[in-house]
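Asks: Residues 271 to 778 (the numbering used here) make up the first sequence, in order. Backbone N, C-alpha and C define an ideal beta-carbon position, used for all residues, glycine too. I am attaching a structure below and will ask some questions about it afterwards.
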Amino acid sequence: MAKNNKQTDPLAKLVALCKRRGIVFQSSEIYGGLGSTYDYGPYGAPMKNNIARLWWDDMTLKHDNIVGLDSAVILHPKVWEASGHLKEFSDPLVECKNCKKRFKVDDVVEPFSAKFWKNISQMMSSFEPGKLIQPEHLPEGSPERSMTGKILLHAQLKDKLVEGELPDLDNHVYNEYLLDAYNQCPACGEKNSLLKPRDFNLMFQTNMGPVEDENSTGYFRPETAQGIFLDYKIVAESARLKPPFGIAQTGKAFRNEITTGNFIFRTREFEQMEMQYFVKPGETSEWLEKWRQLRWDWYLSLGIDADKLRWHEHPKDKLAHYAKEAWDIEYLFPFGWGELEGIHDRGDFDLKAHQEASGKDLTWFDDQEKERYHPHIVETSAGLNRTMLAVLCNAYKEDEQAGEKRVYLALDPKIAPVKAAVFPLVKKDGLAEIAAEIYDDLRTRFPVFYDKQGSIGRRYRRMDEIGTPFCFTIDYQTKDDDTVTVRWRDTLKQERIHKDQVKAYLEN
RNA sequence: GCGAGAGUAACUCAGCGGUAGAGUAUCACGUUGCCAACGUGAAGGUCGCGGGUUCAAAUCCCGUCUCUCGCUCCA
271 MAKNNKQTDP LAKLVALCKR RGIVFQSSEI YGGLGSTYDY GPYGAPMKNN IARLWWDDMT
331 LKHDNIVGLD SAVILHPKVW EASGHLKEFS DPLVECKNCK KRFKVDDVVE PFSAKFWKNI
391 SQMMSSFEPG KLIQPEHLPE GSPERSMTGK ILLHAQLKDK LVEGELPDLD NHVYNEYLLD
451 AYNQCPACGE KNSLLKPRDF NLMFQTNMGP VEDENSTGYF RPETAQGIFL DYKIVAESAR
511 LKPPFGIAQT GKAFRNEITT GNFIFRTREF EQMEMQYFVK PGETSEWLEK WRQLRWDWYL
571 SLGIDADKLR WHEHPKDKLA HYAKEAWDIE YLFPFGWGEL EGIHDRGDFD LKAHQEASGK
631 DLTWFDDQEK ERYHPHIVET SAGLNRTMLA VLCNAYKEDE QAGEKRVYLA LDPKIAPVKA
691 AVFPLVKKDG LAEIAAEIYD DLRTRFPVFY DKQGSIGRRY RRMDEIGTPF CFTIDYQTKD
751 DDTVTVRWRD TLKQERIHKD QVKAYLEN
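Dropping the structure here:
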């Protein structure tokens, strides 16, 4: 990165602050770092936990028909076949740079292969079937001639390529030659627009058990939602719920993203906060509407500026395989708008898919109406790390105090990793002892920080950088009337309160 | 995968053939006493890794690893 950017690029400044202050930093640093992996430090871990807890409470405390779940990261491999994840992403795919569509390589090259042999056959019509094919028999500059040459060269099959017989060489290589020769998009018809095929192994593969064989293959979940779908009946029964009801879950998910980056915005290991809402068929739009509103408001409750949020509706022709309607809440990051959460109408796609694959009945029986149906699902799927990044970006502030630049995080006290600091103005004359006493009284109930080292100004600034909202300072007046000063991070304003009120002050 | 950039102290960087540096941060002592003060001192580096050229390499050459950014992609 150019050195300039570190001083001027807002994201780079935030990244530097996060590292310096132990919020978030590159993982595996002593080994040179590992791409796309980050560790959350002493101030980042509680901050992330706070956001996750606020989400959890918002779901499970505020709604008596939403319950929590913590399902396994590794589910039965068939789950991912049924959900469509395995199929969609484990094949080599090519994509068209013109129309942006993706295709399975096999599907694309099949007509190319047919064309190749058909053309060869026509060009070789004056020869007997079964005759050897030589490149020089074919028209100069033709794709067929160049392909034949490549095949012979690669496979060392000189004099052995026979008309009508498929060349005996690796499919992979053969496909590559076909793509080179007949590169044309099957959808938009654009020529030479298909990029090189790539294996899209979206899912993290692993092995269950100490012995590695084909039966031991397992996958780390690429979304937490599937665990909810599998368990929906047992959860509903044990919690005595009936539609509409929701199941909420936070947890790690893993995707082998092609491109990672923008700090913690897109990483291969990340954390989701998902709630799946099970409703009667036909009631989907009304609930989708309601959840859109509730989720939008939640981001505002974290202190995120409304003018940095917007809705993005997925166009109908670009919806995921399971979705009928999809809305994203996006935040205006320094690098542009980015998705924080998707609110989707998943319909009955997932339950039906799992019913078919597992052979188990996943319908819901409505006792009152005497009817049986697959509940339709409205999903709210949020990214915890992204939310935290948005909160950090939104909170990052610089101002000037007496000619000195000040950096602080204007975090909502609910999110701040340290709620308050306790300082003696100086460490002598018994002030430190009084401060330590107050600190000890608070520490088991609140995340608080005690510091007697260095100048008072420096200590305030350090707290500003991790977004600590309050600092209590014990000064000489404390010895006279038992009052301490409270200093508020954003304004630097101070007021005096009695030292016995400190605890109550923090509770608000 | 392609393109570009960067790896020197905990951080930001300077040095670009001749003894490894600065500022900040850290620690100790002193001083001051409400917004990144000051003084004195200390600690901290196989200059990403490997090889080559040279009397001499952080510096030049070759290789390699890693990270960052951009593009393609993103249930």
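#1: Of all the options K630, Q404, E559, which has the alpha carbon lying nearest to the alpha carbon of A596?
#2: Would you mind listing the alpha helix (DSSP H) stretches within the segment 666-715 that are 4+ residues and don't spill past its ends, in chain order?
#3: Just how far apart, CA to CA, sit P405 and I390?
#4: With C-beta atoms as the reference, is V505 less than 8 Å away from L339?
#5: When the Cα atoms are used, what is the spatial distance from V294 to N319?
#6: Kindly list the residues whose CB is nearer than 7 Å to the CB of E527, restricted to its own chain and excluding five residues on each side of it in sequence; keep chain order.
#7: Does the segment 477-496 touch the segment 447-455, meaning 3 or more C-beta pairs lie closer than 8 Å?
#8: Determine, using beta carbons only, whether I767 and T753 come nearer to each other than 8 Å.
#9: Is Q638 helix, strand or coil by DSSP?
#10: Here's a check: name, in chain order, each residue in its chain whose Cβ is nearer than 8 Å to the Cβ of Y502, leaving out the five neighbours to either side.
#11: To the nearest angstrom, how far is it from the Cα of A665 to the Cα of R715?
#12: Classify V526 as helix, strand or coil using the three-state DSSP reduction.
#13: Shortest alpha-carbon distance to L525 belongs to which of Y730, P492, M478, L602?
#14: Residues in its own chain within less than 6 Å of E583 by CB, not counting five upstream and five downstream?
#15: At a cut of 8 Å, does the segment 317-332 reach the segment 656-670 through at least three beta carbon pairs?
#16: Taking buried to mean at least 16 other C-beta atoms within 10 Å of its own C-beta, is A384 buried or exposed?
#17: Give me, in chain order, the residues of the same chain whose beta-carbon lies closer than 8 Å to that of P551; leave out the 5 immediate sequence neighbours on both sides.
#18: Are the CB atoms of I599 and L610 nearer to each other than 8 Å?
#19: When the Cα atoms are used, what is the spatial distance from E507 to H333?
#20: Quick check on the burial criterion: 16 or more other C-beta atoms within 10 angstroms. Buried or exposed for H591?
#21: Pull up the distance between the alpha-carbon of I685 and that of R732, whole angstroms please.
#22: State the Cα-Cα distance for the pair W350 and L356, rounded to the nearest angstrom.
#23: Going by the DSSP bridge assignment, what does H646 pair with across the sheet?
#24: Using the C-alpha atoms, what's the distance from T418 back to Y444?
#25: Alpha carbon to alpha carbon, how far is E765 from T743?
#26: So, is R565 buried or exposed, given that buried needs 16 or more other C-beta atoms within 10 angstroms?
#27: By how many angstroms is the C-alpha of W758 removed from the C-alpha of Q638?
#28: Distance, Cα to Cα, A342 vs Q771?
#29: Have a look at A652, G573, E553, R415 and flag the residue whose alpha-carbon is nearest the alpha-carbon of D325.
#30: Going by CA-CA distance only, name the one from A627, D309, F719, P694 that's closest to G354.
#31: Below 8 Å on the Cβ atoms is my contact criterion, and I expect Y489 with P347 to pass it. Report the Cβ-Cβ distance as a whole number of Å.
#32: Looking at the secondary structure, which residues open and close the beta strand (DSSP E) in which F742 lies?
#33: Using only CA atoms, which one of S486, A690, V379, A352 lies nearest to Q496?
#34: Could you tell me the alpha carbon to alpha carbon distance between E414 and E365, rounded to whole angstroms?
#35: To the nearest angstrom, how far is it from the Cα of K667 to the Cα of L345?
#36: How big is the Cα-Cα spacing for Q475 and M329?
Replies: Walking through what the data contain:
#1: E559
#2: 701-712
#3: 10 Å
#4: yes
#5: 13 Å
#6: R536, R538
#7: no
#8: yes
#9: coil
#10: I517, Q546, F548, L621, L632, P645
#11: 25 Å
#12: Inspection of the sequence shows that residue 526 is occupied by Asn rather than by Val. Note: N526 maps to coil in three-state DSSP.
#13: For clarity, residue 525 is Arg in the given sequence; the question names Leu instead. Among Y730, P492, M478, L602, the Cα nearest to that of R525 belongs to P492.
#14: W597
#15: yes
#16: exposed
#17: D618, Y643, H644, P645, H646
#18: yes
#19: 17 Å
#20: exposed
#21: 17 Å
#22: 5 Å
#23: V549
#24: 11 Å
#25: 10 Å
#26: buried
#27: 57 Å
#28: 45 Å
#29: Per the sequence shown, the amino acid found at residue 325 is Trp instead of Asp. Comparing Cα-Cα distances from W325 to each of A652, G573, E553, R415, the minimum goes to A652.
#30: A627
#31: 6 Å
#32: 740-744
#33: A352
#34: 23 Å
#35: 43 Å
#36: 32 Å
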